[in-house]
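Each residue of the sequence shown is one higher than the last, beginning at 1 in this note's numbering. We treat Cβ as the ideally placed atom computed from N, Cα and C, and that holds for glycine. The structure appears right after this line, and notes come after that.
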Amino acid sequence: MLSTVYQLVADGSLPMPETTHYPLADAATAIRVMSGAQHTGKLVLDIPHTGPAEWWFRRHRRRCSAATAPTSSPVAWRPGLFLAEKMAAAGCGRIVLSSRSQPTAEAAEAIERIRGLGADVVVESGDITEADTAQRLVATATATGLPVRGVLHLAAVIEDATLTNITDELVEQDWAPKVYGAWNLHTATADQPLDWFCSFSSAAALVGSPGQGAYAAANSWLDAFTWWRRAQGLPATAIAWGAWAEIGRATAMAEGGAVAIDPDEGAYAFETLLRHDRAYTGYAPITGAPWLTAFAELSPFAEAFRSTGQNIGAQANSSPSSRSCRSTSGLPGFGVCFPTRSA
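Pasting the structure below:
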């Protein structure tokens, strides 16, 4: 059959698709263009038929610099520090942590523990909604000559209110850390050779959450911003998380009976999604969450994912926990993961 196709193309009976050619050594550019949906037709990597050809595969960089931006409250140090420790264990040479508050005693102990892993950890206090703070973070990260290779944007303020009680001030509180923080980090790292720029979004923007309209709106902007960055050929990943157990605000939610993501599982998902360069993924527990189960049964939005939920049981033995992920047709790099656990 393939021979027939070749022949039809050769004699002009079957038109060739529109193609854009890249040399093999420039494969990274081709992949970036494809992931940003900037092309028409097919992208082709050309391999020379004669003569020498040289190209290099990017090695995993053991020495890098990363800037992270946790939120303003003392408890907000926990998710940033937890992931900073994972990055240090993976070989990140310099990590800059930022928060409006000074480190608590618990945070200071965690920072020393991270330094014990060999990472140079610097703490910069400041408001990430201010452009000068982001510029200062980058200057600190590059002070020893290491470039910034990764940005982790976790900044968030959650002020719940029903529609009748919502105010401009409340919207601004939820909006500023997510939106202004992301934009300031974007502009501050414009001349840095980033490998990744990951923003922590929320499942509230994906499936909704009572009383969190302002927070959902801020995260929706963050999700759209991620697609915009990728359209510019820049690295960008957004993960719309459900509640995490044991760290951050999600601790109270888990104690109240909500199903939460185990921190080690979340770290595994974070690293995996970055490695596979996913543009946007929703990652939230669904089994055992009554309100979310009801939502999945009634919401038109969830129609595309219902077959995914029906197949969860067949995947109950995967590690570190069962996961069901479904890509949405027409949205490259978009996926929804429903982690589940056996009883």
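Review point. If you drop the 5 nearest sequence neighbours on each side, which residues of the same chain put their C-beta closer than 6 Å to that of VAL121?
Key: ILE95, ILE111, ILE114, ARG115
**Study point:** Helix, strand or coil at PRO79 [DSSP, three-state]
**Key:** Correct three-state label for PRO79: helix.
Exercise for review: State the Cα-Cα distance for the pair LEU274 and GLY12, rounded to the nearest angstrom.
Suggested key: 43 Å
Point to revise | Cβ neighbours of THR226 in the same chain (closer than 7 Å, five flanking residues each side left out) | key: SER199, ALA236, THR237, ALA238, ALA279, TYR280
Check your understanding: Since GLU124 is in the beta strand (DSSP E), which residue starts that stretch and which ends it?
Key -> 120 to 125
Review point. Leaving out five residues before and five after LEU14 in sequence, what residues of the same chain have Cβ atoms less than 6 Å from its Cβ?
Key: Correct list, in chain order: LEU8.
Check your understanding: Is the CB of LEU83 under 8 Å away from at least one CB in chain D?
Key -> Although the question refers to chain D, the structure presented lacks it and comprises just one protein chain.
Check your understanding: Taking C-alpha atoms, which residue in PRO263, TYR268, LEU97, TYR215 lies nearest to LEU163?
Key -> TYR215
Practice item. Evaluate the contact criterion for the region 121 to 138 versus the region 175 to 189: three or more CB pairs, one atom per stretch, below 8 Å. Key: yes
Review point. Could you give the residue range of the alpha helix (DSSP H) that holds LEU14?
Key: Element bounds for LEU14: n/a, residue is neither H nor E.
Practice item. Mark VAL5 as exposed unless 16 or more other C-beta atoms lie within 10 angstroms of its C-beta, in which case mark it buried. Key: Exposed, by the Cβ-count rule.
Check your understanding: So ALA350 packs on ALA203, CB below 8 Å; how close in whole Å?
Key -> With the chain covering only 1 through 343, there is no way to say anything about residue 350.
Check your understanding: What are the residues that DSSP puts in a beta bridge with SER99?
Key -> SER125
Review point. Which class does PRO23 belong to by DSSP, given the choice of helix, strand or coil?
Key: strand
Exercise for review: Taking the CB atoms as reference points, tell me whether GLY150 and ASP195 lie closer together than 8 Å.
Suggested key: yes
Point to revise | Spatially closest choice to GLY145 from GLY80, GLU172, PRO193, PRO103, by CA coordinates | key: Measuring from the Cα of GLY145, the nearest candidate turns out to be PRO193.
Review point. Around the Cβ of SER3, are there at least 16 other Cβ atoms within 10 angstroms (buried) or fewer (exposed)?
Key: exposed
Review point. Where does MET1 sit, in a helix, a strand or coil, going by DSSP?
Key: coil
Practice item. Please state whether DSSP places LEU8 in a helix, a strand or coil. Key: helix
Check your understanding: Whose C-beta lies closer than 8 Å to the C-beta of ALA217 among residues of the same chain, with five residues either side of it excluded?
Key -> VAL171, ASP174, TRP175, ALA205
Point to revise | beta strand (DSSP E) segment containing VAL157, residue limits | key: It is not in any beta strand (DSSP E) - VAL157 carries neither H nor E in the DSSP assignment.
**Study point:** Close Cβ partners of ALA250 (< 7 Å) along its chain, the five nearest in sequence each way excluded
**Key:** Because ALA250 carries a pLDDT of 47, less than 50, the predicted location of this residue cannot be relied on, and the following value inherits that uncertainty. These residues qualify, in order along the chain: ALA243, TRP244, ALA260.
**Study point:** Residue range of the beta strand (DSSP E) that includes VAL138
**Key:** That residue, VAL138, is in no beta strand (DSSP E); its alpha helix (DSSP H) goes 131 to 141.
**Study point:** Residues sharing a beta bridge with LEU43, DSSP
**Key:** THR20
Review point. Which one of THR140, GLY282, GLU271 has the shortest CA to CA distance from ALA90?
Key: GLU271
Exercise for review: Indicate the three-state DSSP secondary structure (helix, strand or coil) for ILE111 in the structure shown.
Suggested key: Note: ILE111 maps to helix in three-state DSSP.
Point to revise | Through-space distance from HIS39 to SER16, alpha-carbon basis | key: Per the sequence shown, residue 16 should be read as Met rather than Ser. Approximately 16 Å, taken between the alpha carbons.
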